[in-house]
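Residues in the sequence shown are numbered consecutively from 7, following our numbering. Report on the structure given below.
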Amino acid sequence: MSVQHGSAAWKNRLTIPTYRIGEAACYARISPQTVSAWHKSRGKDARSTLSEKEPNRALSFLQLIEMAVVADMRRAGVKLKEIREAREDMIRETGLAYPFAQLKFKTDGADIFREVEGPLGDVLTDRLLAHNHGGQYFWTAFIQRKLEAFNYDDDGTAISWKVAGSDKEVEINPKLSFGAPQVGGVKTSLIKTRFAIGEEVDEIASDYGLEEGQVIEALLFERIFPEDRRLSRWIN
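Shown next as structure tokens:
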């Protein structure tokens with residue numbers, strides 16, 4: 007599904023430092039040390055995997071998405087060296103500052119691909135450009151893994167992330183809840199607070215106009231475990 011950015015002013019939110027290193031790491035299921043390492047060069051001639059940033063500085067939404075894409079690629083078996091070289095190649099080709107968050111990506115665990123447009127602007131669905139092989143074209147009928155948790159607008163910029171998985175309701179979207187994880191526009195942290203003070207799933211759902219399943223997913227995302235006595239009766 008495509009969603010329009012709206013005004014240029016709204017697009018500026020995508021580059022505002024918003025997400026602390028610790029929470030970004032938690033969302034991507036990696037360590038804070040890994041997040042910091044990916045954004046830091048290790049010497050005069052060393053290159054950072056992602057855009058360099060000042061120590062302790064928060065990540066913007068586009069930096070968050072790039073970090074999450076790299077985390078997903080690493081879990082798929084792509085080497086950091088290949089990721090770094092592919093990103094540099096795409097920056098040279100496109101001039102984009104955050105190519106992993108501004109282009110649609112697919113990976114088969116070894117190569118990093120970008121969708122290729124035909125002469126009339128149509129996407130050639132069976133042709134992908136492998137950036138970590140010098141930009142040569144690869145033809146493929148089937149890509150084993152697709153990064154489906156990231157939603158892109160018509161110009162190819164990531165605008166939301168299903169942070170708990172593509173089949174889950176919890177989403178990070180700069181247009182909603184100031185970019186905090188949310189379901190139906192309601193922060194998951196707020197739902198956790200309401201549950202912690204004794205309110206039940208159905209009461210919270212009713213107050214916010216949510217489905218009970220959305221409330222349950224929010225609580226699970228906020229690490230209220232299924233074994234919790236109050237939550238378990240809503241799951242089972």
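Every residue gets a Cβ at the ideal spot worked out from N, C-alpha and C, and that includes glycine.
Ser-239 to Lys-87 span [Cα, whole Å]: Looking up residue 239 in the sequence shown gives position 233. Looking up residue 87 in the sequence shown gives position 81. Note that residue 239 is Arg in the sequence shown, not Ser. Arg-239 and Lys-87 have their C-alpha atoms some 47 Å from each other.
3-residue-minimum beta strand (DSSP E) runs that sit fully inside the segment 144-220, ordered along the chain: If only complete runs of 3 or more residues are kept, the segment 144-220 shows the beta strand (DSSP E) at 156-158, 164-167, in order along the chain.
Distance between Pro-232 and Asn-5 (C-alpha atoms, nearest Å): The displayed coordinates of the chain run from 7 to 242. Any statement about residue 5 would go beyond what the structure contains.
Between the CA atoms of Phe-119 and Lys-110 - distance to the nearest angstrom: Your numbering for residue 110 matches position 104 in the sequence shown. Your numbering for residue 119 matches position 113 in the sequence shown. Near 8 Å, if we compare the C-alpha coordinates of Phe-119 and Lys-110.
C-beta contact flag for Ser-66 and Ile-27 at 7 Å: In the sequence shown, residue 66 corresponds to position 60, counting from 1. In the sequence shown, residue 27 corresponds to position 21, counting from 1. In this structure, Ile-27 does not lie closer than 7 Å to Ser-66 by Cβ.
Ile-197 beta carbon less than 7 Å from that of Val-221: To locate residue 221, count along the sequence shown from 1; it is residue 215. To locate residue 197, count along the sequence shown from 1; it is residue 191. Cβ distance < 7 Å, so Val-221 and Ile-197 count as in contact.
Anticipated Cβ contact below 8 Å, Ser-57 with His-45, distance rounded: Reading the sequence shown from its first residue, position 51 is the one you call residue 57. Reading the sequence shown from its first residue, position 39 is the one you call residue 45. Approximately 7 Å separates the beta-carbon atoms of Ser-57 and His-45; this is inside 8 Å, confirming the contact.
Completely contained beta strand (DSSP E) runs for the segment 102-147, where each covers 3 or more residues: 111-113, 118-123, 129-136, 143-145
At least 3 beta-carbon pairs within less than 8 Å: the segment 184-193 vs the segment 71-78: no
Pick from Arg-19, Gly-215, Glu-29 that is closest to Ser-195, judged by C-alpha positions: On the sequence shown, residue 195 is found 189 positions in, with the first residue counted as 1. Of the candidates Arg-19, Gly-215, Glu-29, Glu-29 places its Cα closest to the Cα of Ser-195.
Spatial distance of Gly-171 from Val-207 (CA atoms): Position 165 of the sequence shown, counted from the start, is the residue given in the question as residue 171. Position 201 of the sequence shown, counted from the start, is the residue given in the question as residue 207. Answer to the nearest angstrom: the Cα atoms are 22 Å apart.
Alpha-carbon spacing of Tyr-158 relative to Pro-180, whole angstroms: Counting from one through the sequence shown, the residue named residue 158 turns up at place 152. Counting from one through the sequence shown, the residue named residue 180 turns up at place 174. C-alpha separation (whole angstroms): 13 Å.
C-beta atoms of Gly-185 and Thr-24 nearer than 7 Å: Taking the sequence shown and counting its residues from 1, one reaches residue 185 at position 179. Taking the sequence shown and counting its residues from 1, one reaches residue 24 at position 18. Yes, the pair counts as a contact, with Cβ atoms nearer than the cut-off.
Neighbourhood of Lys-59 by C-beta distance below 7 Å, restricted to the same chain and skipping five residues each side: Position 53 of the sequence shown, counted from the start, is the residue given in the question as residue 59. Here the set comprises His-45.
Local conformation of Leu-6 per DSSP, three classes: Lying before the first or after the last residue shown, residue 6 is absent from the chain, which here runs from 7 to 242.
Beta-carbon spacing of Ala-77, Ala-164 below 7 Å: Within the sequence shown, the letter at position 71 stands for residue 77. Within the sequence shown, the letter at position 158 stands for residue 164. Against a cut-off of 7 Å, the Cβ pair of Ala-164 and Ala-77 comes out as no contact.
Cβ pair Glu-154, Glu-223 closer than 7 Å: For the purposes of this step, residue 154 is taken as residue 148 along the sequence shown, with counting starting at 1. For the purposes of this step, residue 223 is taken as residue 217 along the sequence shown, with counting starting at 1. Not a contact, by the Cβ cut-off of 7 Å.
Residues that DSSP places opposite Tyr-25 in a beta bridge: In the sequence shown, the residue the question calls residue 25 occupies position 19. According to DSSP, which records beta bridges pairwise, Tyr-25 is partnered with Leu-65.
Three-state secondary structure assigned by DSSP to Gln-10: The count along the sequence shown starts at 1 and reaches residue 10 at position 4. The predicted position of Gln-10 is uncertain, since its pLDDT is 43 and thus under 50; a value taken from the coordinates is nonetheless stated next. Three-state DSSP puts Gln-10 in coil, outside helix and strand.
Lys-168 versus Glu-177 - alpha carbon distance: On the sequence shown, residue 168 is found 162 positions in, with the first residue counted as 1. On the sequence shown, residue 177 is found 171 positions in, with the first residue counted as 1. Whole-angstrom Cα-Cα distance: 4 Å.
Gly-124 versus Leu-134: straight-line alpha-carbon distance, rounded: Taking the first residue of the sequence shown as 1, we reach residue 124 at position 118. Taking the first residue of the sequence shown as 1, we reach residue 134 at position 128. Each residue's Cα considered, the two are about 11 Å apart.
Outcome for Gln-150 when other beta-carbon atoms lying within 10 angstroms are tallied against a minimum of 16: For this step, residue 150 is matched to residue 144 along the sequence shown. In this predicted model, Gln-150 has a pLDDT of only 47, less than 50, meaning its place in the structure is not dependable enough to derive any value.
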